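What follows is a short report on a single structure.
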Amino acid sequence: MAYWLFKTEPETFSIDDLKSASQQRTFWEGIRNYQARNFLRDRVQIGDQVFIYHSSCKIPAIVGIAVVVKAAETDPHQFDMNSDYYDAKATHEAPRWVGVTIQYQQHLTPITLAEIKANNAITELALKKANRLSIMPVTDSEWQLLIASR
DNA sequence: GCCAACGTTGGC
DNA sequence: GCCAACGTTGGC
1 MAYWLFKTEP ETFSIDDLKS ASQQRTFWEG IRNYQARNFL RDRVQIGDQV FIYHSSCKIP
61 AIVGIAVVVK AAETDPHQFD MNSDYYDAKA THEAPRWVGV TIQYQQHLTP ITLAEIKANN
121 AITELALKKA NRLSIMPVTD SEWQLLIASR
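Residues in the first sequence are numbered consecutively from 1, following UniProt numbering.
Structure below.
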């Protein structure tokens, strides 16, 4: 059982969209970064908990928690020429990209990026650095610290 | 396999 | 809208 942070742009897909989705679930599609892909493919497991983080918006922040309900599956959008996520080099024989399915758990009073940056006890979280990873691990202790700050 | 050029992300 | 950081591409 591990902890993660998934970034999303709320204008594209917000935690409210997740909450109002069918079964409050969604397939986390469109990850097109190898490091993030490797986490999804190799390490994210059913039952893992996920901070949902809103980026590229007014107040970047962790806004809630979801849980992984399905491990990695091939992301079908890589084969869809009409999709933004189309990848001409991906084939059905050798798919490049995967996604997992997550389910809404709860909203949190937003834990803002500014707050996280100001918290000296948080040192490992990739958000702390100038890191653009869209899927990043959260250590057990930092997960607990962040939760406890609420 | 190196690395310069280029593109993208994302906070501000 | 700017720009720093960093990932990707492609020529050699």
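For every residue, glycine included, the Cβ atom is placed at its ideal position computed from N, Cα and C. Owing to the predicted nature of the structure, the values given are computational and were not obtained by experimental measurement.
To the nearest angstrom, how far is it from the Cα of residue i to the Cα of residue j?
i: Arg41; j: Ala72; result: 5 Å
i: Glu115; j: Gly64; result: 15 Å
i: residue 179; j: Pro110; result: Because the chain is modelled from 1 through 150, residue 179 falls outside the range shown and cannot be assessed.
i: Ser14; j: Ala94; result: 31 Å
i: His54; j: Ile46; result: 23 Å
i: Gln144; j: Met81; result: 42 Å
i: Ala90; j: Arg150; result: 42 Å
i: Trp4; j: Phe27; result: 16 Å
i: Val98; j: Asn38; result: 9 Å
i: Ala36; j: Val138; result: 13 Å
i: Val100; j: Asn33; result: 15 Å
i: Gln24; j: Ile135; result: 20 Å
Kindly identify the DSSP beta-bridge partner or partners of residue i.
i: Ile111; result: Ile62
Using the beta-carbon count (16 or more within 10 Å), is residue i buried or exposed?
i: Lys117; result: exposed
i: Glu11; result: exposed
i: Lys58; result: exposed
i: Asp48; result: buried
Quick check: the segment 126 to 145 against the segment 72 to 87, are there 3 or more CB pairs under 8 Å?
no
What runs of the beta strand (DSSP E), each 3 residues or longer, lie entirely inside the UniProt domain "EVE" (2 to 147)?
3 to 8, 25 to 27, 49 to 54, 61 to 74, 98 to 112, 135 to 138
Do the segment 73 to 80 and the segment 129 to 148 meet, that is, are 3 or more Cβ pairs less than 8 Å apart?
no
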